[in-house]
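Novice: Shown below is the structure under consideration.
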Amino acid sequence: MLKRLALAVLVLVGPLGATAQDVPDGHVVSSMTRATIFVRDLDESLKLYRDLLGLTTRVDTFVEGPRINEIMGTEDYGLKAVILQSGDSIVGNIGIYEITGDDRSVVAPPSARTDTVTGDFAVVFITNDIDGVTQKVIDAGYPLISPPMVLFPNPDADVQTREMMFRDHDGVLVNLIELGVPKPW
Amino acid sequence: MTLIRFLTCAAVMCAANVQAQVPTVADGARVSAVSRTTVFVRDLDESLKLYRDILGMKARTDRLLEGEFWNGVVGTHGEDKKIKVMIMQTQDGEQIGNVGLFQYVDENDGPPVYKAPRMQTGDVALIFLTEDIFGIYNEVKDAGYTIVSPPSNQDPNAGPDDGYEMIFFDRDGIAVNLIQRPKN
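Following this line, the structure appears as structure tokens:
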């Protein structure tokens, strides 16, 4: 049990036990447990992912010492780590990590482009309120790639599926999709 | 809300013959769990050597996207960019925690990214569980991926059934973090 707890500090897989995610039989890896962004400003990132998108905090910790530096390939860094989830999902979480003690002068500025290019990275979520979230994103000043729009018009739809995209403060693309509704027949 | 959702968009893109597990938005949240991440890769075939051939993920979508609507969504209005799209999943029907590999067609993006073997601000990482961390480690090492940390456990006497964690960079500089939980 001690080994399991020690590992959990780094793994941050969350509740140990029955609710933990498994590797399906016959598979090499699980579905993606989490996407982690090594952000420039943790508090600023939480304004988006927690406060605006409504994800809830699953883990909020600070890790330092030789073990975490061994895994990150670093020396004498600390790591502020917040893991967010939608509801109680243990798959598809998002990690917001801020390294402390590093040299930020060598870190490239985040992309604020309003198009997408090779090298970009996106996180994709489903939403039930694409117009409401878009307005909040615009009000908060995030670079907007596209407002809510239909990607594949469907003549059998009562309400079309729409999606929009913007960049967070680290230049990561956030792609929101509101699923359509078929005609009632 | 029990409206029957249907999936026609590229971003969700389910295979037609499987029972899809559609991400839902939890009460109190405005978004679901991460349905997928998307890496706009330099070389799709090269990326598949990792995500498909080593990590064992399967394509649930494999298509070319082009045209007015697509260019509108990705912010290339008035252009005619085309993109090869593959969305990888571990299990059939799973639509949470997928990985999208998108490559713009006919764009020269130069050689692969060089990453020093350490994490730094601005990086992003994909985290997966595995029960064969040493097998994967040997494959990615042999294939020349940049290893940030080999499988490690803080106990120097740890055995093969103990917990391990490792990180390496894929060809686009995305960190892949593998975790093997203790087997006992």
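Chains as they are written, first to last, in my numbering: chain A, 1 to 185; chain B, 1 to 184.
Yeah, the Cβ is synthetic: ideal placement off N, Cα and C, and Gly gets one too.
1. Per DSSP, Leu126/B forms a beta bridge with which residues?
2. To the nearest angstrom, how far is it from the Cα of Asn71/B to the Cα of Arg167/A?
3. List the endpoints of the continuous alpha helix (DSSP H) containing Glu70/A.
4. Starting from the beta carbon of Tyr104/B, find every residue of chain A whose beta carbon is closer than 7 Å, and list them in chain order.
5. According to DSSP, which residues form a beta bridge with Val31/B?
6. Since Phe168/B is in the beta strand (DSSP E), which residue starts that stretch and which ends it?
7. In the DSSP output, which residue or residues are listed as bridge partners for Ile94/A?
8. Report the three-state DSSP secondary structure of Asp140/B (helix, strand or coil).
9. Which chain A residues are close to Ser32/B, counting only those with a beta carbon under 7 Å from its beta carbon?
10. Tell me the rounded alpha-carbon separation between Val18/B and Asn175/A.
11. For Ile130/A, count neighbouring Cβ atoms within 10 angstroms of its own Cβ and tell me buried if that reaches 16, exposed if not.
12. Let me see if you follow: with CB-CB separation under 8 Å, is Gly78/B close to chain A or not?
13. If we define contact as Cβ-Cβ less than 8 Å, is Asp27/B a contact residue for chain A?
14. Kindly list, in the order they appear in chain B, the residues whose Cβ is closer than 7 Å to that of Ser45/A.
15. Got a sec, what are the start and stop residues for the alpha helix (DSSP H) Asn154/A sits in?
16. Among Tyr145/B, Asn98/B and Gly78/B, which residue has its Cα nearest to the Cα of Lys58/B?
17. What is the DSSP secondary structure of Val85/B, counted as helix, strand or coil?
18. In the DSSP output, what is Phe62/A paired with across the bridge?
19. Ala33/B and Gly92/A look like a contact to me (Cβ under 8 Å); what is the Cβ gap, rounded to whole Å?
20. Residues in its own chain within less than 6 Å of Phe102/B by CB, not counting five upstream and five downstream?
21. What are the residues of the stretch 106–134 of chain B that lie near chain A, defined by any Cβ-Cβ distance shorter than 7 Å?
22. From the DSSP output, in three-state form, read off Tyr142/A for me.
Specialist: Quick answer:
1. DSSP, once it has assigned bridges, lists Ala35/A and Val176/B as partnering Leu126/B.
2. Whole-angstrom Cα-Cα distance: 17 Å.
3. Here the alpha helix (DSSP H) through Glu70/A covers Pro66 to Met72.
4. Against chain A, the beta carbon of Tyr104/B has neighbours under 7 Å at Thr118, listed in chain order.
5. Looking at the DSSP assignment, Val31/B forms a beta bridge with Thr127/A.
6. Looking at the DSSP string, the run of the beta strand (DSSP E) that includes Phe168/B is Tyr164 to Phe169.
7. According to DSSP, which records beta bridges pairwise, Ile94/A is partnered with Ala35/A and Leu84/A.
8. Sequence check: residue 140/B is Val here, not Asp. Val140/B: helix per DSSP, three-state reduction.
9. Per Cβ cutoff of 7 Å: Ser86, Phe125 and Ile126.
10. No answer about Val18/B holds up, because its pLDDT of 38 lies below 50 and its placement is not dependable.
11. Under this definition Ile130/A is a buried residue.
12. No, its Cβ sits nowhere closer than 8 Å to a Cβ of chain A.
13. Contact with chain A is found for Asp27/B, since one of that chain's Cβ atoms lies less than 8 Å from the residue's Cβ.
14. For Ser45/A, none of the residues of chain B pass the 7 Å Cβ criterion, the least Cβ distance being about 12 Å.
15. Premise fails: Asn154/A is in no alpha helix (DSSP H) and is neither H nor E.
16. The shortest C-alpha separation from Lys58/B is found at Asn98/B.
17. Note: Val85/B maps to strand in three-state DSSP.
18. Lys80/A, per the DSSP bridge assignment.
19. Right, the Cβ-Cβ distance comes to about 3 Å (below 8 Å), so this counts as a contact.
20. Cβ-Cβ distances below 6 Å link Phe102/B to Thr38, Phe40, Ile83 and Val85 in the same chain, with the five nearest sequence neighbours on each side left out; the list follows chain order.
21. Near chain A, meaning a CB-to-CB distance below 7 Å, the residues of the stretch 106–134 of chain B are Glu107, Asp109, Pro117, Arg118, Met119, Gln120, Thr121, Gly122, Asp123, Val124, Ala125, Leu126, Ile127, Phe128, Leu129, Thr130, Glu131 and Asp132.
22. Tyr142/A falls in the coil class under three-state DSSP.
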